[in-house]
Amino acid sequence: MYWKKRTVAKPTKTLKKEPLSLLKPSPRPHLPRDKRIDLQLPCYLLVEKTGHFLQTTTINLSKSGILVRSLKPLETGQEVLCLLSNRTNLTKLDVMHGKHTMKAKVVRVERQEVLFRMALQVTLGRVNPVSFLEFDGENKYWWSRHWQ
Numbered sequence: 031m032y033w034k035k036r037t038v039a040k041p042t043k044t045l046k047k048e049p050l051s052l053l054k055p056s057p058r059p060h061l062p063r064d065k066r067i068d069l070q071l072p073c074y075l076l077v078e079k080t081g082h083f084l085q086t087t088t089i090n091l092s093k094s095g096i097l098v099r100s101l102k103p104l105e106t107g108q109e110v111l112c113l114l115s116n117r118t119n120l121t122k123l124d125v126m127h128g129k130h131t132m133k134a135k136v137v138r139v140e141r142q143e144v145l146f147r148m149a150l151q152v153t154l155g156r157v158n159p160v161s162f163l164e165f166d167g168e169n170k171y172w173w174s175r176h177w178q
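Residue numbers (the numbering used here): 31 to 178.
#1: May I have the straight-line CA-CA distance separating Lys40 from Pro57, to the nearest angstrom?
#2: So, does the CB of Arg58 fall closer than 8 Å to a CB anywhere in chain B?
#3: Tell me the rounded alpha-carbon separation between Trp177 and Met126.
#4: From what residue to what residue does the beta strand (DSSP E) around Lys122 run?
#5: Could you please give the first and the last residue of the uninterrupted beta strand (DSSP E) stretch that includes Gln151?
#6: Using a 10 Å radius around the Cβ and a threshold of 16 neighbouring Cβ atoms, would you call Ser161 buried or exposed?
#7: Looking at C-alpha atoms only, which residue of Thr87, Leu71, Thr118, Arg138 is the closest neighbour of Leu101?
#8: Which class does Gln178 belong to by DSSP, given the choice of helix, strand or coil?
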């Protein structure tokens, strides 16, 4: 065994491991999309039981619900027919027999200083807040056919 050269043992190299955050960039944080769009549109409500007709203004809307402001509040749980249109001088018959009419239910009523905020949940039909689908001359209707 004399033919092997004696060597001094080399110290082992310790590899410094870099943390993963330095090697790989963190994924982009998920930002939840705002599902409600702030639009102020004229909204016509017709209470099915009593026949009361209200003209309100929307605060914001989504596919399944509308938030409106009104001078006269409705009771929670009432079913209403709802029509979003920029057309003026709509009557009860226009809302009752219009093909763009949605059915909705009053979910929440909050009192503000002068006005009331009412949250409506659309039960039949669907709001299309991005664009209007029907346009006949000067009238726009925000609605899309969606049977649930």
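Cβ coordinates follow ideal geometry from the N, Cα and C atoms, glycine included.
Judging by the given coordinates:
#1: If you number the sequence shown from 1, residue 40 lands on position 10. If you number the sequence shown from 1, residue 57 lands on position 27. Straight-line Cα distance between these residues: approximately 41 Å.
#2: Among the chains in the structure shown there is no chain B, since it carries only a single protein chain.
#3: Locating residue 177 in the sequence shown gives position 147, where the first residue counts as 1. Locating residue 126 in the sequence shown gives position 96, where the first residue counts as 1. Residue confidence for Trp177 is low, a pLDDT of 37 falling below 50, so the modelled location carries little weight and cannot support an answer.
#4: Within the sequence shown, the letter at position 92 stands for residue 122. Premise fails: Lys122 lies in the alpha helix (DSSP H), 122 to 127, not in any beta strand (DSSP E).
#5: For the purposes of this step, residue 151 is taken as residue 121 along the sequence shown, with counting starting at 1. It spans 146 to 154 - the beta strand (DSSP E) in which Gln151 sits, taken as one unbroken run.
#6: Counted from its first residue, the sequence shown places residue 161 at position 131. Residue confidence is low: Ser161 scores 41 on pLDDT, short of 50, so the model does not pin down where it sits. Its coordinate-derived value is still stated next. Exposed.
#7: Counting from 1 along the sequence shown, the entry for residue 101 is found at position 71. Selected option, being the one with the closest Cα: Thr87.
#8: What you label residue 178 is simply residue 148 of the sequence shown in a count that begins at 1. Caution is warranted here: a pLDDT of 31 is assigned to Gln178, below 50, making its placement in the model unreliable, and no coordinate value can be reported.
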